[in-house]
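Asker: Numbering (the working numbering), first residue to last: -19 to 435. The beta carbon of each residue, even a glycine, is placed where N, CA and C say it ideally should be. On a predicted model such as this, the values are computed, not experimentally measured, just so you know.
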Ligand SMILES: Cc1cc2nc3c(=O)[nH]c(=O)nc-3n(C[C@H](O)[C@H](O)[C@H](O)COP(=O)(O)OP(=O)(O)OC[C@H]3O[C@@H](n4cnc5c(N)ncnc54)[C@H](O)[C@@H]3O)c2cc1C
């Protein structure tokens, strides 16, 4: 293995190859609990495409596994090290190369942090809509790796809809350019889309052309209190059926509300069973919110409180963004699920999760990108208690089974990674898995890129 380190160092600056075990151990895992992580041989932090190519050529020559990483905020174990691998952290490739207001695109390196890009394009009167709650930490490369969603996706769509073209270093070190920067383009298969959500198993993204939109007006939000999660879900259906296009439609259940208050003293109402947060970034958001508020009341909301201004609206969003972090503090360990169902089945999903929690005697808090039908049931448990840990794992699995039974998917935005590997075949079926394995073999015949993830 000394040879591998020597070979890596031959084509990289000294500081770019880290072998100190204490430091490399800190790169071993992402933020998913309950996922195995191996011990890396080295962590490599390249700054150029040529350096990434050197890493991949070395890995291929020596048959060493490579795990691409962004900011390691992933929630599926997808960025976890495997024993003896090279961790390839793209964080230092963090330049915004171009912002073009005519073509409405940005060209970025993979290590650019989502919020940094959002702020940079905002200065030019533009927006990059995909906004995961982790936007202050997560990278565009990681967002592409997972096919990330976020809060405003209910109106603007997810990462896949904004990635126009990619530069990708393949397993053997070749550089592939996919896609376009033009408004249209249909030459050949859509390899760009194939890479989005491929979780580092097909190639290493080293550059991305992403679409931008004109910056919308500041959004105005409201919060509605409901006596049950099912009533809040009925309001979501009424809002969508009524033809409304909110820029945000999020749900927090009672456990989540209490967890956020406990962590950040946000003053959210604790006497309610569910909160719906909604916002509009339209020319007359107050009028749109009034119409939406009326639908909430008709669905059983006990209180509908509009924010006074954009700053108060941002505070409400802040509360929602803190939800997962706050729920993680409810117990010594959590498993965060990510099941997306058709919106019309959202109420059944939430009632079903509550029944699973009761059956297993566990706390399961739910926050959701409700407008997308994307739920995040967070199973809270004591990791030091083997019996409770077993029940937590069973609950986690039952939640995925419920999602599939309701016509949904096991993962709306966090990816399969390690956490949901055993479930992929249940969603795709044998033919789907066989074809996907075939695609993996075309790009990575030696199986060196992020082995053991997804399949
Ligand atoms: C508090 C919190 C809130 C969150 N909220 C959301 C949310 O609202 N929506 C959402 O979708 N997710 C959310 N997440 C999950 C996570 O932030 C996203 O999955 C994010 O896209 C991961 O980005 P990252 O830079 O941290 O990537 P990592 O975790 O480092 O990697 C993620 C995957 O992408 C691969 N990868 C990374 N970089 C590259 C590259 N350059 N080339 C090829 N593959 C690569 C990795 O191998 C891995 O499989 C949240 C996480 C936390 C902790």
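Does DSSP put residue -17 in a helix, in a strand, or in coil?
Answerer: On the chain shown, residue -17 is found 3 positions in, with the first residue counted as 1. Correct three-state label for residue -17: helix.
Asker: Would you mind giving the Cβ-Cβ distance between residue 254 and residue 234, rounded to the nearest angstrom? I have them listed as a contact below 8 Å.
Answerer: For the purposes of this step, residue 254 is taken as residue 274 along the chain shown, with counting starting at 1. For the purposes of this step, residue 234 is taken as residue 254 along the chain shown, with counting starting at 1. At roughly 7 Å, the Cβ-Cβ gap stays under 8 Å, so residue 254 and residue 234 are in contact.
Asker: So, using beta-carbon positions, are residue 356 and residue 318 closer together than 7 Å?
Answerer: For the purposes of this step, residue 356 is taken as residue 376 along the chain shown, with counting starting at 1. For the purposes of this step, residue 318 is taken as residue 338 along the chain shown, with counting starting at 1. Their beta carbons are under 7 Å apart, which means residue 356 touches residue 318 by this criterion.
Asker: Going by C-alpha to C-alpha distance, which of 384, 310 and 392 sits closest to residue 360?
Answerer: As a working mapping, residue 360 is identified with position 380 in the chain shown. When each option's Cα is compared against that of residue 360, the closest is 310.
Asker: In whole angstroms, give me the CA-to-CA distance for residue 134 and residue 290.
Answerer: Residue 134 sits at position 154 when you count from the first residue of the chain shown. Residue 290 sits at position 310 when you count from the first residue of the chain shown. Distance between the alpha carbons of residue 134 and residue 290 is about 19 Å.
Asker: Quick check on DSSP: helix, strand or coil for residue 340?
Answerer: Counting from one through the chain shown, the residue named residue 340 turns up at place 360. Helix at residue 340.
Asker: From residue 444 to residue 344, what does the alpha carbon distance come to, in whole angstroms?
Answerer: The question about residue 444 has no answer, for the chain in this structure spans -19 to 435.
Asker: Distance check for residue 108 and residue 430, CA to CA, integer angstroms please.
Answerer: Numbered from 1 along the chain shown, position 450 holds the residue referred to as residue 430. Numbered from 1 along the chain shown, position 128 holds the residue referred to as residue 108. Cα to Cα, residue 430 sits roughly 28 Å from residue 108.
Asker: Can you give the Cα-Cα distance for residue 97 and residue 76, rounded to whole angstroms?
Answerer: Position 117 of the chain shown holds residue 97. Position 96 of the chain shown holds residue 76. The alpha-carbon atoms of residue 97 and residue 76 are separated by roughly 7 Å.
Asker: How many angstroms separate the CA atom of residue 65 from the CA atom of residue 15?
Answerer: Numbered from 1 along the chain shown, position 85 holds the residue referred to as residue 65. Numbered from 1 along the chain shown, position 35 holds the residue referred to as residue 15. C-alpha separation (whole angstroms): 17 Å.
Asker: Whole beta strand (DSSP E) runs in the stretch 62 to 106 with 3 or more residues, listed along the chain?
Answerer: Here the runs fully enclosed are 66 to 69, 76 to 80 and 85 to 88.
Asker: Please name the residue in 95, 74, 73 and 103 whose C-alpha comes closest to that of residue 81.
Answerer: Here the question's residue 81 lines up with position 101 in the chain shown. Closest option to residue 81, Cα to Cα, is 103.
Asker: Leaving out five residues before and five after residue 29 in sequence, what residues of the same chain have Cβ atoms less than 6 Å from its Cβ?
Answerer: Reading the chain shown from its first residue, position 49 is the one you call residue 29. Cβ within range, chain order: 186.
Asker: Just checking residue 132 against ligand 1 - is the residue's beta carbon closer than 6 Å to any of the ligand's heavy atoms?
Answerer: One-based indexing of the chain shown puts residue 132 at position 152. No; taking the cut-off as 6 Å, the Cβ of residue 132 has no heavy atom of ligand 1 nearer than that.
Asker: Once DSSP output is grouped into helix, strand and coil, what is the label at residue 326?
Answerer: Position 346 of the chain shown holds residue 326. DSSP places residue 326 in helix when its eight states are reduced to three.
Asker: Among all the DSSP beta bridges, which residues are the ones paired with residue 49?
Answerer: Within the chain shown, residue 49 is the residue found at index 69, counting from 1. Paired residues: 69.
Asker: Under 6 Å: does the beta carbon of residue 74 sit that close to some heavy atom of ligand 1?
Answerer: The sequence position of residue 74 within the chain shown is 94, counting from 1. No; taking the cut-off as 6 Å, the Cβ of residue 74 has no heavy atom of ligand 1 nearer than that.
Asker: Please state whether the Cβ-Cβ distance between residue 389 and residue 320 is less than 7 Å.
Answerer: On the chain shown, position 409 is the one that residue 389 refers to. On the chain shown, position 340 is the one that residue 320 refers to. In this structure, residue 320 lies closer than 7 Å to residue 389 by Cβ.
Asker: For residue 156, which of helix, strand or coil comes out of DSSP?
Answerer: Taking the chain shown and counting its residues from 1, one reaches residue 156 at position 176. Correct three-state label for residue 156: strand.
Asker: Between the alpha carbons of residue 364 and residue 116, how many angstroms are there, rounded?
Answerer: In the chain shown, the residue the question calls residue 364 occupies position 384. In the chain shown, the residue the question calls residue 116 occupies position 136. Each residue's alpha carbon lies about 32 Å from the other.
Asker: Going by C-alpha to C-alpha distance, which of 269, 286 and 131 sits closest to residue 230?
Answerer: In the chain shown, the residue the question calls residue 230 occupies position 250. Closest option to residue 230, Cα to Cα, is 131.
Asker: For residue 273, report the span of its alpha helix (DSSP H) as first-last.
Answerer: Along the chain shown, one-based indexing puts residue 273 at 293. Segment 265 to 278, the alpha helix (DSSP H) holding residue 273.
Asker: Just to confirm, are residue 24 and residue -3 a CB contact at a threshold of 7 Å?
Answerer: Translated into positions along the chain shown, residue 24 becomes position 44. Translated into positions along the chain shown, residue -3 becomes position 17. Taking 7 Å as the Cβ cut-off, residue 24 and residue -3 qualify as a contacting pair.
Asker: Following a CB-centred definition, is residue 471 positioned closer than 6 Å to any heavy atom of ligand 1?
Answerer: Outside the displayed range of the chain (-19 to 435) lies residue 471, so it cannot be described from this structure.
Asker: Taking the beta strand (DSSP E) that residue 284 belongs to, which residues open and close that run?
Answerer: As a first step, residue 284 is located in the chain shown; it is residue number 304 there, counting from the start. Where residue 284 is concerned, the enclosing beta strand (DSSP E) stretches over 283 to 286.
Asker: Does DSSP put residue 246 in a helix, in a strand, or in coil?
Answerer: Here residue 246 is taken as the residue at index 266 of the chain shown, counted from 1. In the structure shown, residue 246 sits in coil (DSSP, three-state: anything other than H, G, I, E or B).
Asker: Enumerated in chain order, which unbroken segments of the alpha helix (DSSP H) with a length of 4 residues or greater are wholly contained in the stretch 161 to 200?
Answerer: Runs of the alpha helix (DSSP H) inside the stretch 161 to 200: 171 to 175.
Asker: Please report how far the alpha carbon of residue 146 lies from the alpha carbon of residue 78, in whole angstroms.
Answerer: As a first step, residue 146 must be located in the chain shown, where it is residue number 166. As a first step, residue 78 must be located in the chain shown, where it is residue number 98. Distance between the alpha carbons of residue 146 and residue 78 is about 14 Å.
Asker: What does a CB cutoff of less than 6 Å around residue 434 pick up in its chain, not counting 5 residues either side in sequence?
Answerer: Position 454 of the chain shown, counted from the first residue, corresponds to residue 434. The answer, listed in chain order, is 179, 181 and 396.
Asker: Report the start-end ranges of each alpha helix (DSSP H) in the stretch 342 to 380 that is 4 residues or longer and not cut off at the edges.
Answerer: The qualifying runs do not exist here; there are none.
Asker: Within its chain, find whatever has a CB closer than 8 Å to the CB of residue -11; leave out the 5 residues flanking it on each side and keep chain order.
Answerer: To locate residue -11, count along the chain shown from 1; it is residue 9. Only -3 meet the Cβ criterion.
Asker: Quick one, are the C-beta atoms of residue 315 and residue 372 less than 7 Å apart?
Answerer: The sequence position of residue 315 within the chain shown is 335, counting from 1. The sequence position of residue 372 within the chain shown is 392, counting from 1. Yes, Cβ-Cβ distance for residue 315 and residue 372 is below 7 Å.
Asker: Compute the beta-carbon to beta-carbon distance between residue 51 and residue 71, rounded to the nearest angstrom, for a pair I have assumed lies under 8 Å.
Answerer: The residue given as residue 51 occupies position 71 in the chain shown. The residue given as residue 71 occupies position 91 in the chain shown. Yes, they are in contact, since the Cβ atoms of residue 51 and residue 71 sit about 7 Å apart, within 8 Å.
Asker: Kindly identify the DSSP beta-bridge partner or partners of residue 428.
Answerer: The sequence position of residue 428 within the chain shown is 448, counting from 1. Looking at the DSSP assignment, residue 428 forms no beta bridge with any residue, so it has no partner.
Asker: Express the C-alpha separation of residue 53 and residue 168 in angstroms, rounding to a whole number.
Answerer: The residue given as residue 168 occupies position 188 in the chain shown. The residue given as residue 53 occupies position 73 in the chain shown. Cα-Cα distance, rounded: 33 Å.
Asker: Do residue 227 and residue 260 count as a contact pair if the criterion is CB distance below 7 Å?
Answerer: In the chain shown, counting from the first residue as 1, residue 260 sits at position 280. In the chain shown, counting from the first residue as 1, residue 227 sits at position 247. Against a cut-off of 7 Å, the Cβ pair of residue 227 and residue 260 comes out as a contact.
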